[in-house]
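Going line by line, the protein sequences match chains A and B.
Per the UniProt record's numbering, the first sequence runs over residues 1 to 331.
Per the UniProt record's numbering, the second sequence runs over residues 1 to 331.
Each residue gets a CB set at the ideal place from its N, CA and C atoms; glycine is no exception.
Protein chains: 2
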Amino acid sequence: MKRYRNGEIWNFESQTPAARDGSAGVILGVDGGATSTVCVCLVAAMPSAGPLPESLPILSRAVAGCSNHNSVGETAARKTLEEVMAEALSKACSSRAAVQAVCLAVSGVNHPTDQQRILDWLRDIFPSHVKFYVENDSVAALASGTMGKLHGCVLIAGTGTIAYGFTEDGREARAAGAGPVLGDWGSGYGIAAQALTAVIRAHDGRGPQTKLTENILNILGLSSPDELIGWTYADPSWARIAALVPVVVSSAEDGDEVANKVLYVAVQELVDSVIAVVRRLRLCGEDGKDPFPLVMVGGVLEANKRWDIGKEVINRISKVCPGAHPIRPKP
Amino acid sequence: MKRYRNGEIWNFESQTPAARDGSAGVILGVDGGATSTVCVCLVAAMPSAGPLPESLPILSRAVAGCSNHNSVGETAARKTLEEVMAEALSKACSSRAAVQAVCLAVSGVNHPTDQQRILDWLRDIFPSHVKFYVENDSVAALASGTMGKLHGCVLIAGTGTIAYGFTEDGREARAAGAGPVLGDWGSGYGIAAQALTAVIRAHDGRGPQTKLTENILNILGLSSPDELIGWTYADPSWARIAALVPVVVSSAEDGDEVANKVLYVAVQELVDSVIAVVRRLRLCGEDGKDPFPLVMVGGVLEANKRWDIGKEVINRISKVCPGAHPIRPKP
């Protein structure tokens, strides 16, 4: 196993009893995004024979920050992943020797080379018998809404956004999920960046006045829109920008036209992503009316009161694909 | 004087003869942007009495990379500024002891606190008698087109973009210059990011097919739009993205509709910035026809052949402000 520079991460293992022969072993499941990363440690299988239970018992759960390498860089993302897996194992009074499989579903896995880099890195950390599964986090998100079946479309809209779809015969397609530079305008980051842009435009005379100015400056403790420039670039983390979404939503609920426009543009972006995936995979069949699950997850789709972004997205998608069956898994 | 961690920067001074009593001394002028930074070393004044010449003799010129702290971070930006000033002094066979004044005009100076931080840092580097002038680079750009007079409007469109204006009685206003997160869509970065976004959208079914896909992948040596995501976030430098502008321009010249749309949107953004400044300062007078200089600088406005972004910008501005007198200083 790898001797990590920050070796303290795995120090707890010296206090962990070695896995006994015949003991069940554990599985690590990681769901990593641009804001937070969750790792659960599950019992791998029951030691006695018999049918498997509907869900495997969860031994422990650990939470950490961003593990999207495109947002915080590869070193920070890996440190977060390693720490959250170690914490979950430590809480379960287990160790790497007991791990049978690791399933990592993280945002930022967009290409086979991303997958390969993470696999190589996992092999350095864990014993050679461990099985690895590395996927984009949207795969886990879809499975969370369909009881594990990979069929249908999932829309994630948190700090980032992606739409991912699977057919029953194994074809897949995605839209968006390319990060803020490449136009993910339906993401939490996209919504907040558009709102900040609207404040700058109102300030320098290129756009209409908006309540977003007062509301955003208040929450950030700034006194002038000029100060937003320094604030924005002081820390490039996507999650820090996306944390402004609730201010945009409340400004829209208070009737601010600019904030409402920002949200409606974001809704259409999210709808476009889902429709693009559904069309490419023909999830709604030849007549456009076939039923398919549409799993919707992420803070942008969940945390609203009167202005419900998720509901608006469903309304618009239903007009094009009446067979879309929205599922919102419990967080 | 500061003992810099990277002390080698100023090592050359031990070989420089001390400034003689009565010698003229020198002035350092720095023009810093998100792609490159230029420092010139000038003779401060003629040792003999008499009228000043039209332009002060340039002793040396040094060129370095990005000095915008919002793009590359404060440490890298300061290192670039310090190195380019040292190189100019070294080439002029001079030293910090001979410096009478430093005029730093750098992009990323958006707020009095930005100015103050740079002033404090300069005081650490130079002897106590040196005078300092720290401004946004648009001030130097305007002066470069008006023979030093601060009146009129300047539009910079390089890696970044800003419009800055001054009235004859000293009022000033600006528009844009807030960086890519805050919507500088007329910048080189903005144009390239919109083109990259169009490639992603064509690829995942959200947008029309475009020649930009083949042209951009070719120039970057990539084989699929999926690889653009990794390429984009491998290095966050704004200049690296903006370097794709010539591909967008040539794609537009070849008749690609998507590339043409990207450029027309950018032109309108640049026009909006200038008009916002002109209106706030009433540079075109009560009847809208007063003459004023419009200085235009930066790679986006210069480097075009058939598709001339600068010319399009001037055409549209002239319709609103017929008194705008475009000036394109030699680079």
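*Report the partner residues of Arg61 of chain A according to the DSSP bridge assignment.*
Taking the first sequence and counting its residues from 1, one reaches residue 61 of chain A at position 61. Arg61 of chain A is bridged to A:Val40.
*From the DSSP output, in three-state form, read off Glu74 of chain A for me.*
On the first sequence, position 74 is the one that residue 74 of chain A refers to. DSSP, read as helix, strand or coil, puts Glu74 of chain A in helix.
*Since Gln194 of chain A is in the alpha helix (DSSP H), which residue starts that stretch and which ends it?*
On the first sequence, position 194 is the one that residue 194 of chain A refers to. For Gln194 of chain A, the enclosing alpha helix (DSSP H) starts and ends at 188–204.
*Which residues, in order along the segment 118–148 of chain A, keep a beta-carbon less than 8 Å from a beta-carbon of chain B?*
Answer in chain order: no residues at all.
*Quick one: what does DSSP say Phe132 of chain B is sitting in, helix, strand or coil?*
Numbered from its first residue, the second sequence carries residue 132 of chain B at position 132. Note: Phe132 of chain B maps to strand in three-state DSSP.
_Considering just the uninterrupted stretch of the alpha helix (DSSP H) at Ile241 of chain B, what are its terminal residues?_
Looking up residue 241 of chain B in the second sequence gives position 241. Counted as a single uninterrupted DSSP element, the alpha helix (DSSP H) harbouring Ile241 of chain B occupies residues 238–242.
*Own chain, CB closer than 6 Å to Asp21 of chain A, minus 5 neighbours either side, in chain order*: Translated into positions along the first sequence, residue 21 of chain A becomes position 21. Because the pLDDT at Asp21 of chain A is just 49, under 50, the model does not fix this residue reliably, and the value given afterwards should be weighed accordingly. Same-chain partners within the cutoff: there are none.
*Taking buried to mean at least 16 other C-beta atoms within 10 Å of its own C-beta, is Asn315 of chain B buried or exposed?*
Against the second sequence, residue 315 of chain B aligns to sequence position 315. Asn315 of chain B comes out exposed.
*Backbone secondary structure at Glu227 of chain B - three-state DSSP*: The count along the second sequence starts at 1 and reaches residue 227 of chain B at position 227. The three-state reading of DSSP puts Glu227 of chain B in helix, counting H, G and I together.
*chain B partners of Arg280 of chain A, CB-CB under 7 Å?*
Indexing the first sequence from 1 puts residue 280 of chain A at position 280. Within 7 Å Cβ-Cβ: Gly205.
*Going by beta carbon distance, what residues of the same chain come within less than 6 Å of Ile118 of chain A, once the five residues before and after it are set aside?*
What you label residue 118 of chain A is simply residue 118 of the first sequence in a count that begins at 1. Excluding the 5 residues flanking it on each side, Ile118 of chain A has same chain C-beta neighbours closer than 6 Å at Val134, in chain order.
*asked:* Let's test the definition: count the other Cβ atoms within 10 Å of the Cβ of Pro322 of chain A and tell me whether it reaches 16, buried, or not, exposed.
replied: In the first sequence, the residue the question calls residue 322 of chain A occupies position 322. Exposed, by the Cβ-count rule.
_C-beta atoms of Pro180 of chain B and Trp238 of chain B nearer than 8 Å_ = The residue given as residue 180 of chain B occupies position 180 in the second sequence. The residue given as residue 238 of chain B occupies position 238 in the second sequence. A Cβ-Cβ contact shorter than 8 Å links Pro180 of chain B with Trp238 of chain B.
_Closest by C-alpha distance to Leu263 of chain A, when choosing among A:Ala198, A:Leu42, A:Leu217_ = Numbered from 1 along the first sequence, position 263 holds the residue referred to as residue 263 of chain A. Out of A:Ala198, A:Leu42, A:Leu217, A:Ala198 has the C-alpha closest to the C-alpha of Leu263 of chain A.
*Would you identify the three-state DSSP class for Gly299 of chain A, choosing helix, strand or coil?*
Numbered from 1 along the first sequence, position 299 holds the residue referred to as residue 299 of chain A. If DSSP states are grouped into helix, strand and coil, Gly299 of chain A belongs with the helices.
*asked:* List, in chain order, every chain A residue whose beta-carbon is nearer than 8 Å to that of Gly179 of chain B.
replied: Sequence index remark: in the second sequence, residue 179 of chain B carries index 179 (1-based). Those within 8 Å of Gly179 of chain B in chain A are Ile229, Thr232, Tyr233.
*Under the DSSP definition of a beta bridge, which residues are partnered with Phe292 of chain A?*
For the purposes of this step, residue 292 of chain A is taken as residue 292 along the first sequence, with counting starting at 1. By DSSP's assignment, Phe292 of chain A forms a beta bridge with A:Ala324.
*How close, in whole Å, do the beta carbons of Ala276 of chain B and Asp204 of chain A come, if the pair is a contact with beta carbons under 8 Å?*
Sequence index remark: in the second sequence, residue 276 of chain B carries index 276 (1-based). Sequence index remark: in the first sequence, residue 204 of chain A carries index 204 (1-based). Right, the Cβ-Cβ distance comes to about 6 Å (below 8 Å), so this counts as a contact.
*Would you mind telling me which residues of chain A sit closer than 8 Å to Arg174 of chain B, beta carbon to beta carbon, in chain order?*
As a working mapping, residue 174 of chain B is identified with position 174 in the second sequence. Within chain A, the residues near Arg174 of chain B are Asp204.
_Per-residue burial, Lys79 of chain A [other beta carbons within 10 Å of its own, 16 or more giving buried]_ = For the purposes of this step, residue 79 of chain A is taken as the residue at position 79 of the first sequence. A buried status is given to Lys79 of chain A, since no fewer than 16 other beta-carbon atoms sit within 10 Å of its beta-carbon.
*asked:* Using a 10 Å radius around the Cβ and a threshold of 16 neighbouring Cβ atoms, would you call residue 363 of chain A buried or exposed?
replied: Absent from the model: residue 363 of chain A. The displayed extent of chain A is 1 to 331, so no value can be given.
_Any beta carbon of chain A sitting closer than 8 Å to that of Ala259 of chain B?_
Start at 1 with the first residue of the second sequence, and residue 259 of chain B comes out as number 259. No, Ala259 of chain B does not count as interfacial toward chain A.
_Within chain B, the residues that Ile156 of chain A reaches when beta carbons sit closer than 9 Å_ = Locating residue 156 of chain A in the first sequence gives position 156, where the first residue counts as 1. None at all; the shortest Cβ gap to chain B is about 15 Å.
*Are at least three pairs of beta-carbons, each pair with one atom in the segment 83–95 of chain A and one in the segment 24–42 of chain A, less than 8 Å apart?*
They touch, by the three-pair rule.
*Sorted by chain position, which residues of the same chain lie with C-beta nearer than 6 Å to Ala173 of chain B's C-beta, five sequence neighbours on each side aside?*
Position 173 of the second sequence, counted from the first residue, corresponds to residue 173 of chain B. Around Ala173 of chain B: Gly165, Val277, Arg280, Leu281.
*Should Lys131 of chain A be labelled buried (16 or more other beta-carbon atoms within 10 Å of its own) or exposed?*
Locating residue 131 of chain A in the first sequence gives position 131, counting from the first residue. The residue is exposed, with fewer than 16 neighbouring Cβ atoms inside 10 Å.
*What residue from B:Ala77, B:Ala195, B:Gly158, B:Arg201 has the CA that sits closest to Gly310 of chain B's CA?*
As a working mapping, residue 310 of chain B is identified with position 310 in the second sequence. Looking at the Cα atoms, B:Gly158 is the closest of the given residues.
*Buried or exposed: Ser187 of chain A, going by 16 or more other Cβ atoms within 10 Å of its Cβ?*
For the purposes of this step, residue 187 of chain A is identified with residue 187 of the first sequence, where counting begins at 1. When all chains shown are included, Ser187 of chain A counts as buried.
*asked:* I'd like to know whether the C-beta of Leu81 of chain B is nearer than 8 Å to at least one C-beta of chain A.
replied: The count along the second sequence starts at 1 and reaches residue 81 of chain B at position 81. Answer no: the Cβ-Cβ gap between Leu81 of chain B and chain A never drops below 8 Å.
*From A:Ser273, A:Ala64, A:Val295, pick the residue whose C-alpha is nearest to that of Ala202 of chain B; which is it?*
Numbered from its first residue, the second sequence carries residue 202 of chain B at position 202. With respect to the C-alpha of Ala202 of chain B, the residue from A:Ser273, A:Ala64, A:Val295 having the closest C-alpha is A:Ser273.
*Nearest chain B C-beta to Leu196 of chain A closer than 8 Å, yes or no?*
Working through the first sequence from its first residue, we reach residue 196 of chain A at position 196. Under the Cβ distance rule, Leu196 of chain A counts among the residues neighbouring chain B, one pair being separated by less than 8 Å.
*Of all the CB atoms in chain A, is at least one closer than 8 Å to the CB of Leu294 of chain B?*
By one-based count along the second sequence, residue 294 of chain B stands at place 294. The C-beta of Leu294 of chain B comes no closer than 8 Å to any C-beta of chain A.
*When the Cβ atoms of the segment 221–231 of chain B are set against those of the segment 252–272 of chain B, are three or more pairs found closer than 8 Å?*
As far as the Cβ criterion goes, the segment 221–231 of chain B does not touch the segment 252–272 of chain B, which means the pair count is below three.
*Check distances from the C-beta atoms of the segment 252–276 of chain A to those of chain B and list, in chain order, the residues that come in under 9 Å.*
Answer in chain order: Glu269, Asp272, Ser273, Ile275, Ala276.
*Quick one: Cα of Ile241 of chain A to Cα of Phe12 of chain B, how far?*
The residue given as residue 241 of chain A occupies position 241 in the first sequence. The residue given as residue 12 of chain B occupies position 12 in the second sequence. When the Cα atoms are used, Ile241 of chain A and Phe12 of chain B turn out to be separated by approximately 44 Å.
*Beta carbon of Ala145 of chain B, beta carbon of Leu283 of chain B: below 8 Å?*
Along the second sequence, one-based indexing puts residue 145 of chain B at 145. Along the second sequence, one-based indexing puts residue 283 of chain B at 283. Residue 145 of chain B is actually Gly in this sequence, not Ala. Not in contact: Gly145 of chain B and Leu283 of chain B (Cβ atoms no closer than 8 Å).
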